[in-house]
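So the sequence shown is numbered by numbering that gives the first Met the number 0: it starts at 0 and just counts up by one.
Even glycine gets a Cβ: it sits at the ideal position worked out from N, Cα and C.
These figures come from a predicted structure and were not determined experimentally.
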Amino acid sequence: MWKNVGYYNEEIGALEEMKVPMGDRALYFGDGIYEATCAANRIPFAIEDHLDRMYNSLRLMEIPFQMDRSQVRAELQKVLDAAEDAPIHFLYWQISRGVAPRNHVFPEAEVKPTLMAYVRPHTMKPLEKPYKLISMEDIRFRLCNIKTLNLIPSVLANQRAAEAGCDEAVLHRGSRVTECAHSNISILKDGVLRTAPTDELILPGITRKHLLALAKEHDIPTLEEPFSMVELMNADEIIVTSSSALCMRVESIDHIPVGGKDPQRIQMLHHEHIFDRDRHGQAARRRNHVARVAEVRRHLYPVRRHVPQLDRSLILILEG
Ligand code: PLP
């Protein structure tokens with residue numbers, strides 16, 4: 000067991016001690032794709048959705064990865080199981096086109112793609128501390144629907160956000176809002192949840208998908224249509240979603256206060272509910288213990304009302 004676990008082509012060990020071959024095309028071209036999610040009690044959030052998107056990115060990048068879904072799932076579970084206990088872990092994995100002498104052209108067919116992964120303990124950001132954003136022109140290429148390793152514009156955008164004391168950068172092409180540097184962005188306006196459509200300008204986020212489903216479950220109408228920076232600034236609420244932070248409310252953009260006008264609906268879309276949606280389904284399939292969770296929740300209700308922070312950790316631990 001290690002606190003931080005590393006994995007490269009079936010080799011597993013302490014993350015800090017793992018090494019990768021110099022010929023890996025991820026190093027020269029960012030020639031690969033990745034996925035990331037958090038795991039509570041070693042159950043990754045929305046793993047099937049992440050695997051769907053992973054195979055789609057591989058197809059679009061023409062990376063001939065041979066491992067099937069159940070093998071990938073099993074390898075990732077090995078990495079998670081090798082990690083020291085923590086209520087929540089962060090699970091990252093990437094597949095590169097393989098190890099070969101540097102050449103822009105794809106390597107010979109016998110070169111096999113590489114699978115790399117790591118797991119680290121993770122702390123969810125509290126919803127009570129909303130995000131501060133900066134806004135920036137979106138200068139990324141037009142393949143944003145593929146989760147490639149090429150992330151330089153996003154790295155620069157996040158650096159600018161950090162320098163401004165902010166959490167994320169919201170990107171726009173002209174007046175049209177696309178997404179954030181490593182998250183999707185949605186707005187609530189007049190009771191409708193609106194988010195950009197899944198074209199080549201945004202990553203089809205897994206948390207975005209679950210947010211839309213959760214809104215429908217709460218009878219909140221949804222609209223997958225582009226919106227402008229002006230509409231963003233005037234939204235009743237702004238929600239930033241990603242698999243590492245799940246659902247975050249936004250309180251300012253470029254240091255101007257925004258949102259905060261629909262607390263009731265934002266509470267319905269709280270990130271605990273997103274986590275629960277997926278995990279309940281998995282828990283039911285894996286261990287059929289939904290009834291026990293309901294029981295635990297009933298007992299905990301008085302505690303949860305008064306100590307919301309405690310709620311999440313207790314529920315996550317007890318659901319395991
Ligand atoms: N958009 C971009 C550019 C991202 O990098 C990410 C996450 O890494 C997201 C959106 C959110 O996607 P998900 O909810 O699947 O984590």
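### Query
Below 8 Å between beta carbons: does that hold for MET0 and ALA82?
yes
### Task
Going by CA-CA distance only, name the one from GLY5, HIS209, LEU148 and ILE32 that's closest to LEU245.
HIS209
### Query
Are the beta-carbon atoms belonging to VAL169 and ILE252 less than 8 Å from one another?
yes
### Message
Do ARG52 and ILE201 have their beta-carbon atoms positioned less than 8 Å apart in this structure?
### Response
no
#### Entry: Secondary structure of ASP23, DSSP reduced to three states
The DSSP-derived three-state label of ASP23 is strand.
#### Entry: DSSP-derived helix/strand/coil call for PHE28
helix
### Task
Please find out if some non-hydrogen atom of the ligand PLP comes closer than 7 Å to the beta-carbon of SER56.
no
### Query
In angstroms, rounded to a whole number, what distance separates the CA positions of ASP84 and MET17?
20 Å
### Query
So, using beta-carbon positions, are GLY97 and PRO86 closer together than 8 Å?
no
### CA nearest to the CA of ILE133, picked from GLU162, ASN144, VAL110 and THR147
GLU162
### C-beta atoms of GLY29 and THR221 nearer than 8 Å
In this structure, the beta-carbon distance from GLY29 to THR221 does not fall below 8 Å.
### Message
Measuring only from the beta carbon, is SER227 closer than 7 Å to any heavy atom that is part of the ligand PLP?
### Response
no
### Message
Report the CB separation of TYR130 from TYR91 in whole angstroms; it is logged as a contact under 8 Å.
### Response
21 Å between Cβ atoms; not a contact.
### Query
In whole angstroms, what separates the C-alpha of THR194 from that of VAL78?
34 Å
### Task
Quickly, what does DSSP pair GLU10 with across the bridge? List them, please.
TYR7
### Query
Under the criterion of a Cβ to heavy atom distance below 7 Å, does THR147 qualify as lining the ligand PLP?
Result no, Cβ not under 7 Å from the ligand PLP.
### Query
In angstroms, rounded to a whole number, what distance separates the CA positions of ALA45 and ASP277?
6 Å
### Task
Determine the closest residue to THR240 out of PRO262, GLY258 and ILE273, with distance taken between C-alpha atoms.
ILE273
### Message
With the cut-off set at 8 Å, would you say PHE89 and ARG119 are in Cβ contact?
### Response
Taking 8 Å as the Cβ cut-off, PHE89 and ARG119 qualify as a contacting pair.
### Message
For GLY190 and THR197, what's the separation of their Cα atoms in angstroms?
### Response
22 Å
### Query
Can you tell me whether THR36 is buried or exposed, with buried defined as 16 or more other CB within 10 angstroms of its CB?
buried
### Task
Measure the C-alpha to C-alpha separation of ILE138 and GLU224 and round it to an integer number of angstroms.
21 Å
### Task
Rounded to whole angstroms, what's the CA-CA distance from ASP48 to ALA13? Just pull it up for me.
28 Å
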